[in-house]
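Undergrad:
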Amino acid sequence: MVSGIITITTDFGERDPYVAMMKGVILTINPDARIVDTIHQVPPGSILEGASIIKQTYQYFPSGTVHLAVIDPGVGGKRRPIAVLADNHLFVGPDNGLFWPVIETQENSEVIHLCDKMYWMREISPTFHGRDIFAPVASHLSKGIDPFLMGEKVDNPITLANPLPRENSSDLVGKIIRVDHFGNLITNITREHLNLFPESKGLEIRVGTLTLKKISTTYGDVSEGEPLALIGSSNLLEIAINRGNVAHDLGQEFKVGTKVTIEFH
Amino acid sequence: MVSGIITITTDFGERDPYVAMMKGVILTINPDARIVDTIHQVPPGSILEGASIIKQTYQYFPSGTVHLAVIDPGVGGKRRPIAVLADNHLFVGPDNGLFWPVIETQENSEVIHLCDKMYWMREISPTFHGRDIFAPVASHLSKGIDPFLMGEKVDNPITLANPLPRENSSDLVGKIIRVDHFGNLITNITREHLNLFPESKGLEIRVGTLTLKKISTTYGDVSEGEPLALIGSSNLLEIAINRGNVAHDLGQEFKVGTKVTIEFH
Amino acid sequence: MVSGIITITTDFGERDPYVAMMKGVILTINPDARIVDTIHQVPPGSILEGASIIKQTYQYFPSGTVHLAVIDPGVGGKRRPIAVLADNHLFVGPDNGLFWPVIETQENSEVIHLCDKMYWMREISPTFHGRDIFAPVASHLSKGIDPFLMGEKVDNPITLANPLPRENSSDLVGKIIRVDHFGNLITNITREHLNLFPESKGLEIRVGTLTLKKISTTYGDVSEGEPLALIGSSNLLEIAINRGNVAHDLGQEFKVGTKVTIEFH
Numbered sequence: 000m001v002s003g004i005i006t007i008t009t010d011f012g013e014r015d016p017y018v019a020m021m022k023g024v025i026l027t028i029n030p031d032a033r034i035v036d037t038i039h040q041v042p043p044g045s046i047l048e049g050a051s052i053i054k055q056t057y058q059y060f061p062s063g064t065v066h067l068a069v070i071d072p073g074v075g076g077k078r079r080p081i082a083v084l085a086d087n088h089l090f091v092g093p094d095n096g097l098f099w100p101v102i103e104t105q106e107n108s109e110v111i112h113l114c115d116k117m118y119w120m121r122e123i124s125p126t127f128h129g130r131d132i133f134a135p136v137a138s139h140l141s142k143g144i145d146p147f148l149m150g151e152k153v154d155n156p157i158t159l160a161n162p163l164p165r166e167n168s169s170d171l172v173g174k175i176i177r178v179d180h181f182g183n184l185i186t187n188i189t190r191e192h193l194n195l196f197p198e199s200k201g202l203e204i205r206v207g208t209l210t211l212k213k214i215s216t217t218y219g220d221v222s223e224g225e226p227l228a229l230i231g232s233s234n235l236l237e238i239a240i241n242r243g244n245v246a247h248d249l250g251q252e253f254k255v256g257t258k259v260t261i262e263f264h
Numbered sequence: 000m001v002s003g004i005i006t007i008t009t010d011f012g013e014r015d016p017y018v019a020m021m022k023g024v025i026l027t028i029n030p031d032a033r034i035v036d037t038i039h040q041v042p043p044g045s046i047l048e049g050a051s052i053i054k055q056t057y058q059y060f061p062s063g064t065v066h067l068a069v070i071d072p073g074v075g076g077k078r079r080p081i082a083v084l085a086d087n088h089l090f091v092g093p094d095n096g097l098f099w100p101v102i103e104t105q106e107n108s109e110v111i112h113l114c115d116k117m118y119w120m121r122e123i124s125p126t127f128h129g130r131d132i133f134a135p136v137a138s139h140l141s142k143g144i145d146p147f148l149m150g151e152k153v154d155n156p157i158t159l160a161n162p163l164p165r166e167n168s169s170d171l172v173g174k175i176i177r178v179d180h181f182g183n184l185i186t187n188i189t190r191e192h193l194n195l196f197p198e199s200k201g202l203e204i205r206v207g208t209l210t211l212k213k214i215s216t217t218y219g220d221v222s223e224g225e226p227l228a229l230i231g232s233s234n235l236l237e238i239a240i241n242r243g244n245v246a247h248d249l250g251q252e253f254k255v256g257t258k259v260t261i262e263f264h
Numbered sequence: 000m001v002s003g004i005i006t007i008t009t010d011f012g013e014r015d016p017y018v019a020m021m022k023g024v025i026l027t028i029n030p031d032a033r034i035v036d037t038i039h040q041v042p043p044g045s046i047l048e049g050a051s052i053i054k055q056t057y058q059y060f061p062s063g064t065v066h067l068a069v070i071d072p073g074v075g076g077k078r079r080p081i082a083v084l085a086d087n088h089l090f091v092g093p094d095n096g097l098f099w100p101v102i103e104t105q106e107n108s109e110v111i112h113l114c115d116k117m118y119w120m121r122e123i124s125p126t127f128h129g130r131d132i133f134a135p136v137a138s139h140l141s142k143g144i145d146p147f148l149m150g151e152k153v154d155n156p157i158t159l160a161n162p163l164p165r166e167n168s169s170d171l172v173g174k175i176i177r178v179d180h181f182g183n184l185i186t187n188i189t190r191e192h193l194n195l196f197p198e199s200k201g202l203e204i205r206v207g208t209l210t211l212k213k214i215s216t217t218y219g220d221v222s223e224g225e226p227l228a229l230i231g232s233s234n235l236l237e238i239a240i241n242r243g244n245v246a247h248d249l250g251q252e253f254k255v256g257t258k259v260t261i262e263f264h
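The listed protein sequences correspond, in order, to chains A, B and C. FYI, numbering that gives the first Met the number 0 numbers position 60 of the first sequence as 59, with every residue one higher than the one before it. FYI, numbering that gives the first Met the number 0 numbers position 102 of the second sequence as 101, with every residue one higher than the one before it. FYI, numbering that gives the first Met the number 0 numbers position 236 of the third sequence as 235, with every residue one higher than the one before it.
1. Hey, Val18/B and Thr9/B are a contact pair by Cβ (cut 8 Å); roughly how many whole angstroms apart?
2. Less than 9 Å separating the beta-carbons of Leu227/A and Gly173/A?
3. If the cut is a Cβ gap below 9 Å, which residues of chain A does Glu13/B touch?
4. Using the Cα positions of Lys213/C and Met117/C, report the straight-line distance between them to the nearest angstrom.
5. Using the beta-carbon of each residue, which ones in chain C are nearer than 8 Å to Thr216/A?
6. List, in chain order, every chain B residue whose beta-carbon is nearer than 9 Å to that of Ile38/C.
7. Kindly indicate if chain C contains any beta-carbon less than 9 Å away from that of Glu237/A.
8. Compare the C-beta of Thr104/C with all C-beta atoms of chain B and state if any pair is closer than 9 Å.
9. Rounded to the nearest angstrom, what separates Lys54/A and Ile238/A at their Cα positions?
10. Any residues in the segment 39-63 of chain A with a beta carbon nearer than 9 Å to a beta carbon of chain B? Which ones, in chain order?
11. Using the beta-carbon of each residue, which ones in chain C are nearer than 7 Å to Ile275/A?
12. Just the Cα atoms here: how many angstroms apart are Gly63/B and His88/B?
13. For the beta strand (DSSP E) containing Arg177/A, name the first residue and the last one.
14. Take Thr189/C and list the residues in its own chain whose beta-carbon comes closer than 8 Å to its own, dropping the five residues that flank it on each side.
15. Using the C-alpha atoms, what's the distance from Ala160/A back to Phe181/B?
16. Where does Gly219/A land, buried or exposed, given buried means 16+ other C-beta within 10 angstroms?
17. For Thr216/B and Leu229/B, I'd like the C-alpha separation in whole angstroms.
18. Consult DSSP for Arg242/C and reduce its assignment to one of helix, strand or coil.
19. Nearest-angstrom Cα distance between Val153/C and Trp119/B?
20. Please classify Gln40/A: is it buried, with 16 or more other beta-carbons within 10 angstroms of its beta-carbon, or exposed?
21. Relative to chain B, which residues along the segment 220-234 of chain C have a C-beta separation below 7 Å, given in chain order?
22. Counting only beta-carbon atoms, is His112/A nearer than 9 Å to chain C?
23. Taking C-alpha atoms, which residue in Pro162/B, Val101/B, Gln105/B and Asp170/B lies nearest to Ile176/B?
24. Identify each residue in the segment 120-149 of chain C for which the Cβ-Cβ distance to at least one residue of chain A is less than 7 Å, and report them in chain order.
25. What are the start and end residues of each continuous beta strand (DSSP E) run of 3 or more residues lying completely inside the segment 132-158 of chain C, in chain order?
26. Assuming contact is defined by CB atoms lying nearer than 9 Å, are Pro80/C and Val65/C in contact in what I supplied?
27. Which residues does DSSP list as the beta-bridge partners of His88/B?
28. Can the beta-carbon of Ala246/C be found less than 9 Å from the beta-carbon of Leu184/C?
29. What residue range is occupied by the uninterrupted alpha helix (DSSP H) comprising Ala19/C?
30. Here's the rule I'm using: 16 or more other beta-carbon atoms within 10 Å means buried, otherwise exposed. How should Pro72/A be labelled?
31. Confirm, please, whether the CB-CB distance from Leu26/C to Ser124/C is below 9 Å.
32. So Thr126/C and Gly75/C are in contact, right, with Cβ under 8 Å, and what is the actual spacing, rounded?
33. Taking only beta-carbon atoms, is Gly96/A less than 9 Å away from chain B?
34. Would you kindly work out how many angstroms separate the C-alpha atoms of Leu202/C and Val1/B, rounded to a whole number?
35. Would you kindly check if the distance between the Cβ of Ser108/B and the Cβ of Asp86/B is under 9 Å?
36. Along the chain, where does the beta strand (DSSP E) that runs through Ala50/B open and close?
Below you can see the structure in the form of structure tokens.
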């Protein structure tokens, strides 16, 4: 039932020992846990970006993996600590919308309000529930302990408004939701959105000063240094430059939030 | 007695293969070692900061863990390679003060000057003892080999002047010792220092242009964007902004070394 | 025969979940794989730098380790996916020169064009073969599956022009190939190149505005703040400043590509 694997996603960065403290707590409870870092560079406090990373990543892990996520700007306040069971995976973290994209797309998902302190550290810092509540709970879960023993089922997890593209009769208006390490612009427009429109007469993609007339398959479909649009590896429309970096090469209007319009002829 | 876990703390950054080489050496000697990165972003050569990270972090790991630390500006010179036994943990690295905060606070700690080359790599680069001496020693220790077989006990490890806050009759003068990834200012003032003063009549915390009148419990105790002081998760006084970044939002005088004064009324 | 260890080297950086997705794929196929990150900060698309990192690092791992490397600017195009057997190690990645420095220096190395889709993910993204081809192949290899079952042997892997220093009668002209995290300048001049010249009458090393008259053993051989040349831990000539950072302290002409001349008297 459990894989013994725990992934960790945070906004803690790489220069503080906070993630290592969590790993120490995990390995003290379950010495056999295998820990995988997802990323620790979620922009501080960005629940929307953390939620998107978790949704895209969890499915590549074996069933029964525990996904521990700490993007937790409300730590120490009234937000609940939760565990989620969905799609044969387990998720642990704050109830602030971080797991909503998984919950809303998975039937039969269950949410548990973690309240049994037996599964927590003895002392709880009001500013670091990642170490003192979520890490020990994740570690106990990775050993196969039933999450329903750790708290009460709840039906009202916090939701997250995930801005979808606007679909009009002949166009689609989305936006850039992430700029990756290569400077590729990841949009919120999925392959499914594009499939809603018949492609017969062509299309025009406009973002900032850029206009593109087709959707390519891979970077090398255009010459070196040329811009292109393609469906990326997470099924999202992406704007890139073959062997280049859109964010650096084309200027500062290409950033998170910038509008992307696709007009279908 | 040993946990089989090895933590690694360095100032090597993330863009060179030096840490991976150490891990290869470790896994060649002990294929079952479980390796956890603490951080590799200790400022180059900063023994004081490395020492503080190790002291705060080691205690979250199981007893019998080996803590390998390489902040080693004197590599290849006369400084000794050492192993330390303290608080049921093992520490391996250069004798330059890196483990002093652990040694000085733990009774019965023992320091061993590593000199038996049987536990080292066959060839020793004069510039990379991390790979050629400390990693193989740490790996042998993680298998349960007795550190007293690896060298001679010594009584004079290098100490480290850890600047404590100055306690006056009605005030406490400390400083910022670390700015974390969130821009929170971590000071050298502990909960214990504060407890020396009766809190009945209130206090005033001054740092740079900022004046705070109380110590809060968690970030959400003040409105979004407001500054506050609290005792952080490592028991150190911390200056923060709820959902903000002090270092970015309040200007450049908020940095490592800046004076923090607490006046008690 | 196999160690069960998989190293991963990429140019993916630290802020996207791409590496975690690859680890999920690996652990789904081989739950016992032990994964070690080499680095993910290879400059985007820099095959030459990736190749140099792999060559320097692989040998510190146990025989039978799988080295998965994804610096793959031609992803989705015509370049072949390959596995390499050399020096009792296995290498998996794109056929673009990344493994050439290993292949050319190891007799009896074998190159296999990966074409059996049974060892791939079911769906292949045209932009992420790291996740969909190379990670699953590496994971199957780490379980001991014979690489010759995965494709056909080929004799014409893509080579890589690795610029060696120019040797003249009384001088050696090389260049800076990497600036490490400490600001040390790593050159392409090896200990073996230097040994070609008799050292009796002295030498003069010139790089940018700097002239050095000898090769030191370790950083502490000169006073703090003074520049020096030494043979670094990977047997390459290196220019450094004792407890300093050449790249920051001496100005911008000290960068990758800068000429390094050694004149022998």
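Beta carbons are placed, not taken as given, at the ideal position from N, Cα and C, and that holds for glycine.
TA: The relevant details are as follows:
1. 6 Å
2. Note that the C-beta distance between Leu227/A and Gly173/A is not below 9 Å.
3. Ordered by position in chain A, the residues that pass the 9 Å Cβ test against Glu13/B are Glu13.
4. When rounded, the distance between both Cα atoms is 57 Å.
5. Within 8 Å Cβ-Cβ: Gly75 and Pro125.
6. Within chain B, the residues placing a beta-carbon under 9 Å from that of Ile38/C are Glu13, Arg14, Asp15, Pro16, Val18 and Ala19, ordered along the chain.
7. yes
8. Chain B, which has no Cβ nearer than 9 Å to the Cβ of Thr104/C, makes this no.
9. 21 Å
10. His39, Pro43 and Gly44
11. Nothing can be reported for residue 275/A: it is not among the residues displayed for chain A, which extend from 0 to 264.
12. 5 Å
13. Asp170 to Val178
14. Asn234, Leu235 and Leu236
15. If I take the Cα positions, the gap works out to 25 Å.
16. Classification of Gly219/A: buried, given that the 10 Å Cβ count is 16 or more.
17. Each residue's alpha carbon lies about 6 Å from the other.
18. Three-state DSSP puts Arg242/C in coil, outside helix and strand.
19. 40 Å
20. buried
21. Leu229, Gly231 and Ser232
22. For His112/A, the answer is no, since every Cβ of chain C falls outside 9 Å of its Cβ.
23. Pro162/B
24. Ser124, Pro125, Thr126, Phe127 and Arg130
25. Qualifying beta strand (DSSP E) stretches, in chain order: 150-153.
26. Val65/C sits away from Pro80/C, with the two beta carbons spaced by 9 Å or more.
27. Ala85/B
28. yes
29. Tyr17 to Ile28
30. Buried is the call here.
31. no
32. 6 Å
33. No, Gly96/A does not count as interfacial toward chain B.
34. 51 Å
35. Cβ distance < 9 Å, so Asp86/B and Ser108/B count as in contact.
36. Ala50/B -> not in any beta strand (DSSP E); alpha helix (DSSP H) instead, spanning Ile46 to Thr56.
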